[in-house]
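Take a look at the structure below.
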Amino acid sequence: MANVFEIRDLSSWFGENQVLKKIRMDIARNSVTSVMGPSGCGKSTFIRCLNRMHDMTPGFRMSGEILLDGTNIHSEKVDPVYLRRRVGMVFQQPNPFPRMSVFENVAVGLKLNGRNLPRADISEKVERSLIMAALWNEVKDHLAQPGISLSGGQQQRLCIARALAVEPEVLLMDEPCSALDPASTAKIEELIEDLSEKYTIAVVTHNMQQAARISDQVAFFLMGELIEMDKSGKIFTNPSDKRTEQYITGRFG
Amino acid sequence: MTGAITFRRKATDRAMKWVFYLCAFLVVLPLFLIFFDLVIKGAKELRWSLLVDLPHPVGEPGGGIANGILGTVVITLLTMTWSVPVAVMSGIYLAEYGRGKFASAVRFAVDTLTGVPSIIMGIFAYVLLVLPMKRFSAWAGAAALSMIFIPVVVRTTEDMLRTVPTTVREAALALGIARWKATLRITVRTAWPGILTGILLAMSRIIGETAPLLFTALGNQFWQTKLDQPMAAVPLQVFTYAISPYEDWHDKAWAGALVLITMVLLINIAARVLTREKR
């Protein structure tokens with residue numbers, strides 16, 4: 001199937017406050033999809049619906065359907081724990097587990113998801129994940145150091161390695177670079193491109209240049225609505241909607 | 001004019017700083033006074049036999065509080081074997097799951113229990129255990145102490161877990177880790193130094209408690225390791241010696257108090273050392 005996610009009429013509310021309005025969107029396999037828009041447009045809320053991170057938020061509710069490979073992720077058959085193993089997430093602030101070493105940070109998902117892997121397998125997967133996250137060379141001699149002793153950019157790549165270690169199919173990234181300096185940002189962007197060969201990636205960003213650089217397709221959100229979604233080349237040169245054009249040319253947001 | 005105002009502001013600033021310093025000093029002063037007083041008065045009876053011998057009868061020199069030290073250790077460990085898991089898990093409930101009326105009720109009850117005078121815990125355990133069992137026992141003492149220990153640890157555990165950022169919980173769940181595992185192996189682990197400190201501080205609190213043991217463990221002049229029998233404890237012995245009319249027992253009370261405060265001090269130091277962040 002070409003689409004990993006098919007989102008149908010997704011609306012959501014925090015209490016009385018409607019945050020998303022009838023979103024329809026397809027996310028294609030092994031592509032990078034950016035979700036951009038001004039602050040408060042619902043883009044983070046949207047992406048967190050895809051791995052059911054809102055399940056525990058009091059007052060949150062939603063309507064519509066989110067299909068992952070054709071299965072509604074809210075159907076009884078789907079356990080959110082398994083869903084999240086297939087759909088990993090990287091957060092806005094680098095959030096390595098405090099009091100865990102670099103190694104443990106990457107290994108912990110493998111250790112705690114009940115598969116009882118032999119130690120050697122875990123080491124191997126940790127190394128592979130760190131290599132994929134382009135962090136291995138920098139940390140291979142410091143695996144026992146606390147994860148939080150790394151620099152901000154390294155911490156974020158550690159979080160990416162941590163997410164990759166459990167071998168998800170999809171990687172959701174919620175403004176992964178907004179807390180990083182330009183050099184680290186460039187590294188992460190490069191990494192996203194490399195990873196898109198094997199993974200389906202959805203990135204939230206409020207940075208248009210970033211969206212243009214990394215994505216195959218871009219979705220533009222405004223006030224909880226999906227204004228338009230198109231190929232990255234098209235949306236930045238010839239947007240269909242006036243509001244997209246206004247946003248791109250810096251009229252608001 | 002401006003100069004004078006500046007001068008006054010600076011003077012006030014300096015004066016206030018000294019007020020803060022002085023208050024902080026007054027807070028720590030009693031600890032030093034108590035400790036030095038105990039060292040001076042307790043030194044007289046402080047010898048090796050105090051730690052290894054049974055109490056001697058009045059007037060007979062020597063003798064110790066070894067059975068009390070053993071009793072304190074036994075009763076404390078007994079208390080903690082069930083109180084630590086119950087308290088920590090209740091704290092986890094309050095911090096991680098506790099929303100709604102039941103949680104508020106638990107929180108209120110725990111706060112109230114923290115404020116209940118410890119002698120009432122003793123009376124309660126007396127009614128609950130000593131009367132039906134028809135004897136004073138270490139069990140009853142431990143039960144009374146649990147009621148002091150648990151509420152303190154529940155609240156410190158909850159508070160410590162609340163200092164763990166939401167982002168840590170989210171990161172754990174996003175890895176596809178079941179919630180109970182994420183809670184125990186990641187969130188609790190993150191807050192563990194604080195939780196452990198709370199446990200050790202509550203432990204040093206119950207080691208010194210006397211009132212809850214008066215009608216429960218009762219005290220004992222002999223070795224006793226059976227948990228369904230009256231058991232000695234250092235604070236009980238200090239109490240017995242202190243209210244006696246005999247001069248040499250008074251000296252032993254001072255020495256016992258010194259032993260007690262040293263135990264408490266050691267636990268507090270252990271709390272510091274164990275929970276120091278390893279870098």
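First to last, the protein sequences are chains A and B.
Be aware that the first sequence starts at 1, since it is given in our numbering, and climbs by one per residue.
Be aware that the second sequence starts at 1, since it is given in our numbering, and climbs by one per residue.
Cβ atoms here follow ideal geometry from the backbone N, Cα and C, with glycine treated the same way.
All values reported here derive from a predicted model rather than from experimental measurement.
In the three-state DSSP reduction, residue 21 (chain A) falls in the strand class (E or B). Following the DSSP letters along the chain, one finds residue 8 (chain A) inside the beta strand (DSSP E) bounded by residues 3-14.
In the structure shown, the three-state DSSP call for residue 152 (chain A) is helix. In the displayed model, residue 136 (chain B) falls within coil according to three-state DSSP, outside both helix and strand.
Beyond the five residues adjoining it in sequence on each side, residue 60 (chain A) comes within less than 8 Å, by CB distance, of 12, 13, 14, 54 in the same chain, given in chain order. When secondary structure is reduced to three states using DSSP, residue 61 (chain A) falls in the strand class. Relative to the Cα of residue 31 (chain B), the nearest Cα in the group B:258, B:14, B:183, B:77 belongs to B:258. Taking a Cβ-Cβ threshold of 9 Å, the residues of chain B close to residue 91 (chain A) are 167, 170, 171, 174, in chain order. Here DSSP, grouped into helix, strand and coil, assigns residue 220 (chain B) to coil.
Neighbourhood of residue 153 (chain A) in chain B, by CB distance below 7 Å: empty, with the nearest CB roughly 17 Å away. Taking 7 Å as the upper bound on Cβ-Cβ separation, chain B lies near residues 81, 82, 84, 85, 88, 89, 91, 93, 95, 97, 98, 99 of the segment 78-103 of chain A. Interface annotation, residue 25 (chain A): not in contact with chain B, CB-CB separation never under 8 Å.
Taking the beta carbon of residue 178 (chain B) as reference, the chain A residues within 7 Å of it are 81, listed in sequence order. Judged by beta-carbon spacing, residue 181 (chain B) lies within the 8 Å limit of residue 112 (chain A), meaning their Cβ atoms are closer than that value. If you check the CB distance, residue 83 (chain A) and residue 4 (chain A) do not come in under 8 Å. Taken atom to atom, the span from the alpha-carbon of residue 64 (chain B) to that of residue 262 (chain B) is near 16 Å.
Across the structure, residue 14 (chain B) and residue 22 (chain B) are spaced so that their CA atoms are roughly 12 Å apart. Non-local C-beta neighbours of residue 197 (chain B) in its own chain, meaning closer than 7 Å and more than five positions away in sequence, comprise 271, 275, ordered along the chain. Among the residues facing chain B, residue 36 (chain A) is not included, as its CB has no counterpart in that chain under 8 Å away. Rounded to whole angstroms, the separation of the alpha carbons of residue 30 (chain A) and residue 176 (chain B) is 21 Å.
Contact of residue 117 (chain A) with chain B is not assigned, every C-beta pair being separated by 8 Å or more. Within the segment 150-182 of chain A, those residues whose Cβ lies closer than 9 Å to any Cβ of chain B are, in chain order, 159, 162, 163, 165, 166, 168, 172.
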